[in-house]
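Peer 1: Supplied in structure tokens, the structure appears directly below.
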Amino acid sequence: MRTTVGIIGAGPAGLLLARLLHNAGIDSVVLESRDRAYVERRQRAGILEQGTVDVLREAGAGERMDREGLRHDGIELRFARRRHRVDFPALTGGRSVMVYAQTEVCKDLIALQLKEGGPLLFETEALAVEGAETDRPRVRFRRGGAEEGAEDVLECDYVVGCDGFWGVARSAVPDGRTFERTYPFGWLGILADVAPSHDELVYARHDRGFALLSMRSPSVSRLYLQVPADTDADSWSDEQIWDELERRFETDDDWTLRRGPITQKSVTPMRSYVHEPMRHGRLFLAGDAAHIVPPTGAKGLNLAVGDVVTLARALAHRTATGSDDLLDAYSATCLRRVWQAERFSYDMTTLLHSAPGATPFEDRLQLARLDRIASSRAAETDLAEAYTGFPIG
Ligand code: RFL
Ligand code: PHB
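In case it helps, our numbering puts the sequence shown at residues 31 to 423.
What follows is the structure, given as structure tokens:
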């Protein structure tokens with residue numbers, strides 16, 4: 031098999047890259063180890079930055095998002111039984127975010143790819159990237175399904191590792207440096223068949239730990255609780271989950287939490303991670319393959335989108351002019367934005383979670399930081415600008 035760009039992974043990064051390249055007249059092949067149903071159902075991100083929304087629209091993948099997505103003009107911070115709303119458009123010159131689940135973005139991009147894009151091979155696992163320093167890099171892969179076990183090679187002009195944190199591409203970038211931080215807590219996330227208890231997201235800081243109220247649709251709620259990192263989701267009964275959420279969202283007014291049947295629950299670990307550089311020869315890394323953020327800033331999927339937009343532009347530039355300039359700048363261009371998102375996600379995480387062993391002094395500082403955001407337009411604007419998104423490129 032031969033193609034111009036071999037893409038490993040059909041998460042949001044790989045699928046959007048394939049779409050952007052198709053629109054630029056560049057052919058690609060996408061290899062995905064899991065089956066289609068799995069990729070379309072994996073519960074993850076829920077928030078699209080303004081820039082991500084614009085990119086999906088321009089790529090011709092925004093039709094259902096515009097119909098079914100929920101535009102949000104703010105978030106609520108909840109702490110010390112107080113509620114403070116951050117008004118995005120007022121603070122950022124009109125910017126907002128969109129609640130439209132990653133599962134739906136992936137479904138839309140998969141449907142487009144299968145209808146009019148290049149090959150998208152499910153149940154096809156990349157085993158290794160070879161020859162990244164040559165002008166004919168290759169991906170060795172194995173087919174599953176009917177052709178189970180057959181090994182093959184995809185020859186490419188370029189290979190892009192969009193294979194997430196646990197993928198194989200990163201190991202083919204030698205001499206890299208990694209920067210990492212793990213956190214002693216994770217998020218217990220649930221999906222529940224109940225209308226969201228608030229019309230915007232609520233980020234709650236509580237002495238018992240962080241809680242987040244989000245949503246998937248007007249009738250489906252998505253909620254998270256900070257739990258110790260090694261928690262087994264099944265050790266929490268549904269009733270315990272609702273009771274704990276109720277405590278952490280408590281306010282002095284008559285706000286109430288609506289309960290409903292829980293249809294899914296799982297625990298997500300929290301990690302900050304960056305691999306530098308994001309390129310080796312003709313192999314490029316994009317999205318979670320190169321960097322991870324804790325979910326508190328809602329940045330992971332949006333970073334993946336920024337990477338592949340930058341890369342698609344660079345590949346189109348190379349095709350049009352023969353110049354490698356933008357490809358050479360790819361890693362540094364992306365990393366600048368990546369580090370801003372790392373900083374913001376870290377800040378949001380330490381602002382809102384209770385760290386085991388935190389001293390009373392540190393607890394007071396956390397409350398003072400929240401009070402500062404609630405009382406200073408400058409501090410609030412900084413949060414609103416970061417949350418609605420840093421510019422791409
Ligand atoms: P993905 O989505 O992990 O996709 C990688 C794909 O590669 C496949 N793969 C392979 N395929 C072939 N051969 C191999 N050897 C392969 N190895 C792996 C995998 O099966 C998979 O299909 O990475 P990508 O595309 O870079 O996208 C990144 C995002 O998924 C991630 O950053 C976000 O989900 C993070 N995230 C959030 N991001 C946001 O922007 N806003 C949010 O609100 C948000 N909330 C979240 C989140 C992540 C969460 N979890 C579960 C980690 C909330 C949660 C709970
Ligand atoms: C989600 O809806 O899954 C979600 C929203 C905001 C975050 C993280 C996750 O910060």
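Idealized CB from N, CA, C, for every residue including glycine.
Tell me where the beta strand (DSSP E) around residue 258 begins and ends.
Peer 2: Here residue 258 refers to the residue found at position 228 of the sequence shown. 250 to 258 is the span of the beta strand (DSSP E), which, as asked, contains residue 258.
Peer 1: Is any non-hydrogen atom of ligand 3 found closer than 7 Å to the C-beta of residue 421, if you look at the structure I gave you?
Peer 2: Looking at this structure, you won't find ligand 3 anywhere; what it does contain is ligand 1 and ligand 2.
Peer 1: With DSSP run on the structure shown, which of helix, strand or coil describes residue 276?
Peer 2: Here the question's residue 276 lines up with position 246 in the sequence shown. Helix, per DSSP.
Peer 1: Within 10 angstroms of the Cβ of residue 392, are there 16 or more other Cβ atoms? Answer buried if so, exposed if not.
Peer 2: Here the question's residue 392 lines up with position 362 in the sequence shown. Residue 392 should be labelled exposed.
Peer 1: Could you tell me whether the Cβ atoms of residue 155 and residue 63 are closer together than 8 Å?
Peer 2: The count along the sequence shown starts at 1 and reaches residue 155 at position 125. The count along the sequence shown starts at 1 and reaches residue 63 at position 33. Taking 8 Å as the Cβ cut-off, residue 155 and residue 63 qualify as a contacting pair.
Peer 1: Taking 7 Å as the cut-off, is the C-beta of residue 197 nearer than that to any heavy atom in ligand 1?
Peer 2: Reading the sequence shown from its first residue, position 167 is the one you call residue 197. Yes, the beta carbon of residue 197 sits closer than 7 Å to at least one heavy atom of ligand 1.
Peer 1: If you compare alpha carbons, which of 196, 304, 202, 259 is closest to residue 386?
Peer 2: As a working mapping, residue 386 is identified with position 356 in the sequence shown. Measuring from the Cα of residue 386, the nearest candidate turns out to be 259.
Peer 1: Going by DSSP, which residues form a beta bridge with residue 60?
Peer 2: Here the question's residue 60 lines up with position 30 in the sequence shown. DSSP output for residue 60 lists 37, 150 as bridge partner(s).
Peer 1: Which residues in the same chain have their Cβ closer than 8 Å to the Cβ of residue 89, if we skip the five residues on either side of it in sequence?
Peer 2: On the sequence shown, residue 89 is found 59 positions in, with the first residue counted as 1. Within the same chain, residue 89 has close Cβ partners 46, 49, 50, 53.
Peer 1: Is any heavy atom of ligand 2 found at a distance shorter than 7 Å from the C-beta of residue 325?
Peer 2: As a working note, residue 325 is residue 295 in the sequence shown. Result yes, Cβ under 7 Å from ligand 2.
Peer 1: Report all residues from its chain with a CB closer than 8 Å to the CB of residue 353; omit the five preceding and five following residues, and keep chain order.
Peer 2: Residue numbering aside, residue 353 sits at position 323 when the sequence shown is read from its first letter. 347.
Peer 1: State the Cα-Cα distance for the pair residue 188 and residue 308, rounded to the nearest angstrom.
Peer 2: As a working mapping, residue 188 is identified with position 158 in the sequence shown. As a working mapping, residue 308 is identified with position 278 in the sequence shown. Their Cα atoms are separated by approximately 14 Å.
Peer 1: Can you give, in chain order, each stretch of the alpha helix (DSSP H) that sits fully within the segment 87 to 132 and has at least 4 residues?
Peer 2: Counting whole runs of 4 or more residues, the segment 87 to 132 contains the alpha helix (DSSP H) stretches 93 to 98, 118 to 122.
Peer 1: Does the distance from the C-beta atom of residue 163 to that of residue 311 stay below 8 Å?
Peer 2: Mapped onto the sequence shown, residue 163 falls at position 133. Mapped onto the sequence shown, residue 311 falls at position 281. Yes.
Peer 1: Any idea what DSSP makes of residue 217, helix, strand or coil?
Peer 2: The residue you call residue 217 lines up with position 187 of the sequence shown. Note: residue 217 maps to strand in three-state DSSP.
Peer 1: When every heavy atom of ligand 2 is checked, does at least one fall within less than 7 Å of the C-beta of residue 397?
Peer 2: As a first step, residue 397 is located in the sequence shown; it is residue number 367 there, counting from the start. Residue 397 Cβ: outside cutoff for every heavy atom of ligand 2.
Peer 1: With a threshold of 8 Å, are at least 3 pairs of Cβ atoms found where one atom belongs to the segment 88 to 104 and the other to the segment 318 to 331?
Peer 2: These segments do not touch.
Peer 1: Restricting to Cα atoms, I'd like to know which of 166, 122, 114, 170 is closest to residue 61.
Peer 2: Within the sequence shown, residue 61 is the residue found at index 31, counting from 1. Residue 61 has its Cα closest to that of 170, out of 166, 122, 114, 170.
Peer 1: Are the segment 105 to 125 and the segment 226 to 237 in contact at 8 Å, needing three or more beta carbon pairs?
Peer 2: Short answer: they touch.
Peer 1: Would you mind stating whether residue 142 and residue 91 have Cβ atoms separated by less than 8 Å?
Peer 2: Your numbering for residue 142 matches position 112 in the sequence shown. Your numbering for residue 91 matches position 61 in the sequence shown. Taking 8 Å as the Cβ cut-off, residue 142 and residue 91 qualify as a contacting pair.
Peer 1: Applying the 10 Å Cβ sphere with the 16-neighbour rule, what's the burial state of residue 194?
Peer 2: Looking up residue 194 in the sequence shown gives position 164. Looking at its Cβ environment, which holds 16 or more other Cβ atoms inside 10 Å, residue 194 is buried.
Peer 1: Give the range of the beta strand (DSSP E) segment to which residue 191 is assigned.
Peer 2: As a working mapping, residue 191 is identified with position 161 in the sequence shown. From DSSP, the beta strand (DSSP E) with residue 191 extends over 181 to 191.
Peer 1: What residue range is occupied by the uninterrupted beta strand (DSSP E) comprising residue 390?
Peer 2: Within the sequence shown, numbered from 1, the residue matching residue 390 stands at position 360. Counting along the chain, residue 390 falls outside any beta strand (DSSP E), though it belongs to the alpha helix (DSSP H) covering 390 to 405.
Peer 1: Would residue 190 and residue 357 be called neighbours here (beta carbons separated by less than 8 Å)?
Peer 2: Position 160 of the sequence shown holds residue 190. Position 327 of the sequence shown holds residue 357. Against a cut-off of 8 Å, the Cβ pair of residue 357 and residue 190 comes out as no contact.
Peer 1: Please report the distance separating the alpha-carbon of residue 349 from that of residue 208.
Peer 2: Residue numbering aside, residue 349 sits at position 319 when the sequence shown is read from its first letter. Residue numbering aside, residue 208 sits at position 178 when the sequence shown is read from its first letter. Spanning the two alpha carbons is a distance of roughly 31 Å.
Peer 1: Please report the distance separating the alpha-carbon of residue 44 from that of residue 78.
Peer 2: Residue mapping note: residue 44 aligns to position 14 of the sequence shown, counting from 1. Residue mapping note: residue 78 aligns to position 48 of the sequence shown, counting from 1. Their backbone Cα atoms lie some 17 Å apart in a straight line.
Peer 1: Using 8 Å as the threshold, is the C-beta distance between residue 239 and residue 375 below it?
Peer 2: By 1-based counting over the sequence shown, the position of residue 239 is 209. By 1-based counting over the sequence shown, the position of residue 375 is 345. No, they are not a contact pair.
Peer 1: Who are the near neighbours of residue 146 in its chain, counting only those whose CB is closer than 8 Å to its CB and skipping five residues on each side?
Peer 2: In the sequence shown, residue 146 corresponds to position 116, counting from 1. The answer, listed in chain order, is 52.
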